[in-house]
Amino acid sequence: MKKALIKTLAGVTFAGLLAGTAQAQYPEKDLQGIIQWGAGGSTDTVMRSVTPHAEDLLGRDVIMTNKTGGVGAIATKYVSAMKADGYTLLMGAENPQMYKVLGLADVDYGDMIPINVLARGTPIFVARNDAPFNTMKELVEYTKKHPGEIKTGSTGPGGLTSIVLAMLEAETHIDFTGVPYDGDGPALTALQGGAIDIMPAVLGAAIEHIKAGRMKVIGLVDTQASPLLPDTAPITEEIPGFNKYLPWGPFFGVFVKKDTPAEAVEKLTAAYHEAAQNPEFKELMDKRGFTIMNISGDEAAKFLDSYRSVSSWIVYDAGIAKHSPEEFGIKRPE
């Protein structure tokens, strides 16, 4: 009897050790980080800034790859096709929340687990330095006199550029010629070279170019001024109709497939939560005009649902959606 009891206790202890070892082993190998957008853009900047700090906590490298195309849908579908094992991370922006209404993909962040919604940005309008306008009011007046002449960079339907332009067109009825690019990094480079005239962009992606005098800012898409752009008035002062859309802006987060093991989700969540508090990352985000969010779990899910509702109805009301948000149970924001 005594031997049997000792044997049973030993078995339980060994099983417990095995379970503890299995949990502690994640990650057993390096991870993949699939970035939706091109090098040098906002998403790329945020992910390459925070991930090294997460790597220190994970004890493994996260091999980051830029996989562009389809307004981020190529990267999203790639991650969705991989095993739900916690070794492939989607490093994305806001775009998937409009995929369903735009007909770009049948997946959005509601089909994934938010490891961390790291930060959000403020949209701005930038222009080539020799553009014949310096404010949003002057841009609108010039474009009405020269319909279709102004070329704007675009990152595709559902991207920040398309939504901000949809807001502007809805309020002013002006006409632009869109030129597509795989992310705001390449588009901002094109702007500096004179290939396009204006570009809605994230403040964080453009601020260093503005400071260096490579482009000029003509509009701040917000309801209040920014300390980084003290001489730029909020767009609501020149185009009051924007009040009904704002505040609105892009966000950046790390996601994994649903059904990823809980221990992987927990360890990734802890690593990125700690990484987002790193002083170097916080300093960079502050300098670039990004607002750190650092949210996960239910808080992140609530934020993502709200964002999907607002943005999906904006693109639908602007006439650039293929489906009504109601087809997917997305309620109009109150």
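Going by the working numbering, the final residue of the sequence shown carries number 334, and the count climbs one at a time with no gaps. For glycine and all other residues, C-beta sits at the position ideal for the given N, C-alpha and C.
Using a Cβ-Cβ cutoff of less than 7 Å, which residues in the same chain neighbour residue i once the five nearest sequence positions on both sides are dropped?
| i | result |
| --- | --- |
| residue 170 | 318 |
| residue 1 | Reliability fails at residue 1, whose pLDDT of 45 lies under 50, so the model's placement of it is uncertain and the value that follows must be treated cautiously. Contacts found: none. |
| residue 73 | 99, 104 and 105 |
| residue 55 | 61 and 62 |
| residue 298 | none |
| residue 334 | none |
Can you give me the Cβ contacts of residue i inside the same chain, cut-off strictly under 8 Å, excluding the 5 residues immediately before and after it?
| i | result |
| --- | --- |
| residue 58 | 27, 31, 267, 268 and 271 |
| residue 250 | 42, 93, 94, 120, 121, 123, 160 and 202 |
| residue 226 | 122, 203, 220, 232 and 289 |
Report the CB separation of residue i from residue j in whole angstroms; it is logged as a contact under 8 Å.
| i | j | result |
| --- | --- | --- |
| residue 107 | residue 76 | 6 Å |
| residue 232 | residue 187 | Not really, about 20 Å apart at Cβ, beyond 8 Å. |
| residue 255 | residue 112 | 4 Å |
Anyone know if the C-beta pair for residue i and residue j falls short of 8 Å?
| i | j | result |
| --- | --- | --- |
| residue 202 | residue 228 | no |
| residue 315 | residue 163 | yes |
| residue 193 | residue 45 | no |
| residue 85 | residue 150 | no |
| residue 116 | residue 296 | yes |
| residue 252 | residue 118 | yes |
| residue 71 | residue 325 | no |
| residue 262 | residue 114 | no |
| residue 219 | residue 235 | yes |
| residue 177 | residue 148 | yes |
| residue 97 | residue 308 | yes |
| residue 167 | residue 245 | yes |
Taking the alpha helix (DSSP H) that residue i belongs to, which residues open and close that run?
| i | result |
| --- | --- |
| residue 120 | Element bounds for residue 120: not the alpha helix (DSSP H) but the beta strand (DSSP E), 112–120. |
| residue 47 | 42–58 |
| residue 192 | 184–192 |
| residue 158 | First-last for residue 158: undefined, no H or E at that position. |
| residue 139 | 136–145 |
| residue 248 | Counting along the chain, residue 248 falls outside any alpha helix (DSSP H), and DSSP gives it neither H nor E. |
By Cβ distance below 6 Å, which residues in the same chain neighbour residue i in space, the five residues on each side in sequence not counted?
| i | result |
| --- | --- |
| residue 216 | 127 and 129 |
| residue 137 | 238 |
| residue 18 | Per-residue confidence for residue 18 stands at a pLDDT of 40, beneath the threshold of 50, marking its modelled position as unreliable; the derived number appears in the next sentence. For residue 18, where only same-chain residues beyond five positions count, there are no Cβ hits under 6 Å. |
Which residues share a DSSP beta bridge with residue i?
| i | result |
| --- | --- |
| residue 254 | 91 and 116 |
| residue 152 | 178 and 198 |
| residue 226 | 229 |
| residue 216 | 127 |
| residue 63 | 32 |
| residue 291 | 120 |
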